[in-house]
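Encoded as structure tokens, the structure appears first; notes follow it.
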Amino acid sequence: MSADVVIAGGGPNGLMLACELRLAGVRPVVLERLPARTTENRANGLVGQVVRMLDRRGLYERLSGDPEPPRPAPHFMFGALPLDLTALDDNPLYTLPVPQLRIEEVLERRAAELGVEIRRGHEVVGLSQDDASVTVEISGPAGAYRLRARYLVGADGGHSVTRKLSGIGFPGVTRDDTVSRTAHVTVPAELVDPGTGGLDVPGYGVVPPFTHHRTERGLFAYAPFPARPALVTTLEWEPSVEQAPMTLDELRGSVRRVLGVDLPLDPPAGTGPHLMRRLAGGNTRLADRYREGRVLLAGDAAHVHSAIGGPGLNLGLQDTVNLGWKLAAEIHGWGPPGLLDSYESERRPVAQRVVMHTQAQAALIAPGAEVTALRELFAELLGNGDAVRRVADLMAGGDIRYAMGPGDTHPLTGRWAPDLALDRPSGPVRLAELTRGARPLLLDLTDDASLAKELPGWADRVDAVAARPRRPAAGTTADSGTTADVGSGRPAHRSPAALLLRPDCYVAWATDSARPGSGEREALRAALARWFGAAA
Ligand SMILES: Cc1cc2nc3c(=O)[nH]c(=O)nc-3n(C[C@H](O)[C@H](O)[C@H](O)COP(=O)(O)OP(=O)(O)OC[C@H]3O[C@@H](n4cnc5c(N)ncnc54)[C@H](O)[C@@H]3O)c2cc1C
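Quick note: this note's numbering has the sequence shown finishing at residue 538, numbered continuously throughout.
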């Protein structure tokens, strides 16, 4: 074997997977066809549970520059309708307005720190596999060559060659009746509305910042990110006819059609690179399976959808956090049967939810009187706190409860672990600070901290940490939402006495008993075996 895992694609998801594999003790090789990182930005931020997941890998502070833990967003939007999240007692929706270029830079630096080998200018052009290995054909700067690996992961984007070469279908829909235009611009200072920071457009009125603003003719957005040129975006329902590169005049014309008035737009100040992008049409597609033998897919290679609401990296980066430790378990030889297949059974339903809500949002922003009526009704429904909660859970991407096996009766099992505040002899600590090594974790908050006794057979794979809950009531809501059978409601508010966490921070076993009896200890050992293999 020349490598345990080859990752095709050094975009955000390929890089994140490489970091997860290194943390789990595996040496991946990342093949990236571009000789240098792209300068064209796509995402403008992260939305959902991934913000806190990055905190649990120590990456939140690097991205935000903020040493404080992430805080939930008071406001967001769904289908260009405002979502007021201030009334939610355990608001699950977190956002991090960082450009994708910066996310990729931070992930690449982290990968380098962890010793990941990244080969730039190396393109995957072919593959074949047998029972024991996959052979990857590569076109590199010095010519063609092959790598033989235990596994290949295609993180090579929506047009994934890996997916196509392995015969995985990508069913869905392609639409060609929309055009979006986005550019960095300068707007006259006198048009900035002092109350909202949005735009006071002459003849039209105030358009708040950082929201999608729908009119009967299209969508308009103004995003004055700090320390970056402002972005103006439009979306119109028309087949694209332009072939030449987009111009500022084209954007001005689009704004005029959408808002019905002229908005003075000037080129951005500074040297750039500045964005000037026209995107015609779009795809909503989901891989019909995430695995073909020794080939797996992650990120956009497995799913593409509208970027509305920014769910792409929430979905993709958490795919990689789910996959990394499972793949490592297979390579280390302790992965129990079915572990690797649980990647698809857990993550594909999450992607289906994203496909559903981005299509629903696309329907809500379309032109037409019927859509306007639908929006009125939807806005009425969003006056109800339960409905806001449900939409917030959906967008946070944590409203799926993974099946954890026969003993998963505790309300926290199968859910993403709440961020508990703890006390240890060394001082106060958040759960998020205990998960940075991406190892399975038994968090023992019981009276006598005796659960570690159950671990000897797994001590090489699972860490045990004894602590006391610092704020038992405040930190223990299961903030990752409702169960997969949507509508069954949120779990009861509980204070766990112990949690077994998988490296992706999902709860494999939990108890509320301060003195767990033999039945609970047996259930713990069963969960350890189910997820982390037989005792040594
Ligand atoms: C306009 C726009 C706005 C968006 N806004 C947001 C947002 O606000 N928030 C959000 O979360 N998401 C957003 N997204 C989605 C987000 O950009 C994607 O989900 C994300 O880029 C997917 O990352 P990835 O690593 O899976 O794929 P990519 O970023 O596409 O990376 C794939 C990498 O693989 C490389 N590659 C391709 N083929 C090969 C090959 N054969 N061999 C080797 N390397 C190969 C490519 O060069 C590329 O570097 C947006 C997308 C678009 C288009």
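All C-beta atoms, glycine included, are put in the ideal place defined by N, C-alpha and C.
Only a predicted model underlies this, so the values are computations on that prediction, with no experimental measurement involved.
Could you check whether the Cβ of residue i sits closer than 7 Å to any heavy atom belonging to ligand 1?
| i | result |
| --- | --- |
| G314 | yes |
| E34 | yes |
| A309 | yes |
| D302 | yes |
| L221 | no |
| D158 | yes |
| E45 | Per the sequence shown, the amino acid found at residue 45 is Ala instead of Glu. Answer for A45: yes, Cβ within range of ligand 1. |
| N93 | no |
| E125 | yes |
| V163 | yes |
| A381 | no |
| V561 | Lying before the first or after the last residue shown, residue 561 is absent from the chain, which here runs from 3 to 538. |
| L281 | yes |
| N386 | no |
| N324 | no |
| Q102 | yes |
| P14 | yes |
| A10 | yes |
| G318 | yes |
If distances are taken between C-alpha atoms only, which option among the options comes closest to residue i?
| i | options | result |
| --- | --- | --- |
| T188 | I9, P505, P226 and G318 | P226 |
| L445 | L501, Q51, D264 and V52 | L501 |
| D202 | A419, T513, A223 and S182 | A223 |
| Y206 | L379, G199 and L193 | L193 |
| R377 | T273, L23, R216 and L65 | R216 |
| T249 | D450, A381 and H186 | H186 |
| G50 | G255, L319 and R463 | L319 |
| H412 | S497, A466, D425 and I333 | S497 |
| E22 | T40, R39 and R58 | R58 |
| R463 | R426, L424, A536 and A398 | A536 |
| N285 | P275, M278, I310 and A89 | I310 |
| T213 | V234, V155 and P196 | V234 |
| G409 | V52, E524 and G400 | E524 |
| A331 | G16, G12, I9 and R24 | R24 |
| D514 | G416, G67 and T448 | T448 |
| E107 | H161, Q131 and E42 | E42 |
| D388 | A89, R64 and Y153 | A89 |
| L342 | H359, G197 and R296 | R296 |
Identify every residue that forms a DSSP beta bridge with residue i.
| i | result |
| --- | --- |
| F227 | According to DSSP, F227 bridges with nothing at all. |
| P84 | M79 |
| T137 | S130 and R150 |
| Y508 | W418 |
| V431 | L424 |
| R177 | G284 |
| P99 | Partner(s): none; P99 has no beta bridge. |
| R293 | L298 |
| A157 | Paired residue(s): none; A157 is not in a bridge. |
| E125 | S141 |
| G207 | V203 |
| T1 | The structure shown does not extend to residue 1, since the chain is modelled only from 3 to 538, so the question has no answer here. |
| A468 | D446 |
| E279 | According to the sequence displayed, residue 279 carries Arg and not Glu. Partner(s): T184. |
| A10 | L33 and G156 |
| V49 | T97 |
*Do the region 390 to 403 and the region 75 to 88 meet, that is, are 3 or more Cβ pairs less than 8 Å apart?*
yes
*asked:* Contact between the region 526 to 536 and the region 455 to 465 is defined here as three or more beta-carbon pairs at a separation below 8 Å; is this criterion met?
replied: yes
*Does the count of Cβ pairs from the region 111 to 130 and the region 330 to 348 closer than 8 Å reach three?*
no
*Touch check for the region 162 to 170 and the region 291 to 311: three-plus C-beta pairs under 8 Å?*
yes
*Counting Cβ pairs closer than 8 Å, one from the region 176 to 192 and one from the region 235 to 245, do we hit at least three?*
yes
*Are there three or more Cβ pairs, one per stretch, closer than 8 Å when the region 26 to 38 is compared with the region 120 to 131?*
yes
*asked:* Any contact between the region 358 to 378 and the region 421 to 440? By contact I mean 3 or more CB pairs, one from each, below 8 Å.
replied: no
_For the region 146 to 161 against the region 264 to 276, do three or more pairs of beta-carbon atoms, one drawn from each stretch, fall closer than 8 Å, so that the two count as touching?_
Flag = no, the region 146 to 161 and the region 264 to 276 do not touch.
*Between the region 323 to 336 and the region 510 to 519, are three or more C-beta pairs nearer than 8 Å?*
Touching, no.
*Decide yes or no for the touch test of the region 124 to 138 against the region 89 to 100: beta carbon pairs closer than 8 Å, at least 3 of them.*
Fewer than three Cβ pairs drawn from the region 124 to 138 and the region 89 to 100 lie within less than 8 Å of each other, which leaves the two stretches out of contact.
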